[in-house]
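Everything in the sequence shown is counted per this note's numbering, starting at 13 for the first residue and increasing by one.
One structure below.
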Amino acid sequence: MKFLLILSSLVLFVALTSAQSCQGRPQRQNCLGGRDEGVRHLHGCNSEPNDLMWYYNHHTNECFRMQYHGCGGNFNRYCTLTECQRLCVHRT
13 MKFLLILSSL
23 VLFVALTSAQ
33 SCQGRPQRQN
43 CLGGRDEGVR
53 HLHGCNSEPN
63 DLMWYYNHHT
73 NECFRMQYHG
83 CGGNFNRYCT
93 LTECQRLCVH
103 RT
């Protein structure tokens, strides 16, 4: 019984930690829209976003770094290069 409680607490901790590790990830993501760095200092915006995010360029079929400002932007925004490539880059 204690083991299950400890295990479920650990799983919950890991899930919460990974969700908080990337401030600025949109609720849903898509590979459309190009680069959109968002804006700074709007009411209700994330005050400490990940400065470094990635976006997918469909013309070159590559992911590139961008500076994210913490508010707004489109859904073409990823926390890591690996995440962007996994979801967007088409292998031929």
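Backbone N, C-alpha and C fix where the C-beta goes; we use that ideal spot for every residue, glycine too.
Less than 9 Å separates the beta-carbon of E49 from that of Y80. Here G36 is buried. Its C-beta has 16 or more other C-beta atoms within 10 Å. Looking only at C96, G45 and C57, the smallest Cα-Cα distance to F76 is reached by C96. Under DSSP, R77 takes part in a beta bridge, and its partners are W66.
It is roughly 10 Å from the alpha-carbon of G45 to the alpha-carbon of R89. C57 and N42 have their C-alpha atoms some 21 Å from each other. The C-beta of G84 has fewer than 16 other C-beta atoms within 10 Å across all chains shown, which makes the residue exposed. Of the other Cβ atoms in all chains shown, 16 or more fall within 10 Å of the Cβ of M65; this residue is therefore buried.
Distance from the Cα of H71 is smallest, within the candidate group C34, C100 and K14, for C100. Residue state for C96 is assigned as helix, using DSSP reduced to three classes.
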